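Written out below as structure tokens is the structure these notes cover.
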Amino acid sequence: MENGSQTEPVAENPSRRGFVNAVIYALGAVMGAALAIPAARYLFLPPKTRKQQAWVEAGDVSRLAIDAPQEMTFRRIHADGWKIYSEKGTAWVVKFPDDKVVAYSPICTHLGCAYHWDAENSEFLCPCHGSTFALDGRVLSGPAPRPLDRYEIKIENARLWLGPVHQSGETSS
Ligand code: FES
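Heads up, the sequence shown is in my numbering, so the first residue is 88 and it goes up one at a time.
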């Protein structure tokens with residue numbers, strides 16, 4: 088006579104085992120993607136949150152002397168993700184006899200040195216390789232390939248606001 092309390096091993100259903108394995112692999116793939124996608128975005132995509140202040144105030148233009156360039160300084164705020172920092176910048180600002188104001192980038196268009204106003208010779212002089220520029224930014228001499236680059240500007244209540252720098256398109260011959 089057989090003992091009724093004995094249990095016999097139950098044969099595992101192969102299709103059920105396959106389904107459980109598939110679910111485990113699918114969950115592993117989802118978890119792997121959840122970890123890999125943000126890591127890949129961090130490594131390979133440029134940060135979208137890097138921003139800089141579009142316009143910065145550089146100072147009062149009402150007291151600028153005609154045809155006498157003045158270097159104006161300003162601070163531009165940058166946001167890089169959660170980090171916010173300010174960076175000092177400068178512009179060479181010229182007021183012409185018709186009251187038109189121009190702001191030049193302080194970077195020489197040859198290899199990027201800082202130039203200065205040479206009042207004695209009435210020209211901008213870059214000491215690195217001797218490029219000189221006229222009051223209107225034209226190249227007078229030296230290896231500089233194009234006139235001085237200019238800031239986009241706007242003037243509100245005699246305050247000068249500087250936008251982005253636009254590269255001068257002309258080339259000297
Ligand atoms: S960097 Fe100004 S002349 Fe070369």
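All C-beta atoms, glycine included, are put in the ideal place defined by N, C-alpha and C. The model shown is predicted, which means the values in this text are computed figures rather than measured ones.
Check: residue i C-beta below 6 Å from any heavy atom of ligand 1
i	result
Ser255	no
Gly229	yes
Ser192	no
His216	yes
His203	no
Leu198	yes
Rounded C-alpha distance that separates residue i from residue j
i	j	result
Val188	Ile171	31 Å
Met261	Ala109	Look at the range of the chain in this structure, 88 to 260, and you will see that residue 261 is not part of it.
Trp179	Leu132	36 Å
His216	Pro230	7 Å
Phe183	Trp142	23 Å
Ile164	Ala145	13 Å
Tyr112	Ser255	58 Å
Asp154	Gly168	42 Å
Tyr129	Leu114	23 Å
Ala201	Cys213	7 Å
Ser259	Phe211	Unreliable placement is indicated for Ser259, whose pLDDT of 44 sits below 50; no coordinate value is reported for it.
Asp205	Arg225	15 Å
Gly105	Ala126	31 Å
Contact under 7 Å by Cβ, residue i with residue j
i	j	result
Tyr193	Thr177	Before going further, note that residue 193 is Pro rather than Tyr in the sequence given. Against a cut-off of 7 Å, the Cβ pair of Thr177 and Pro193 comes out as a contact.
Ala152	Leu249	no
Pro251	Glu239	yes
Leu222	Val181	yes
Ala245	Asp185	no
Lys138	Ala166	yes
Gly196	Arg237	Note that residue 196 corresponds to Thr in the displayed sequence, not to Gly. No, the pair does not count as a contact, with Cβ atoms beyond the cut-off.
C-beta neighbour in chain B for residue i, strict 7 Å
i	result
Trp179	The displayed structure is made up of one protein chain only, and chain B is not part of it.
Integer-rounded CB distance, given that residue j should sit under 8 Å from residue i
i	j	result
Thr219	Ser228	5 Å
Arg162	Ser173	5 Å
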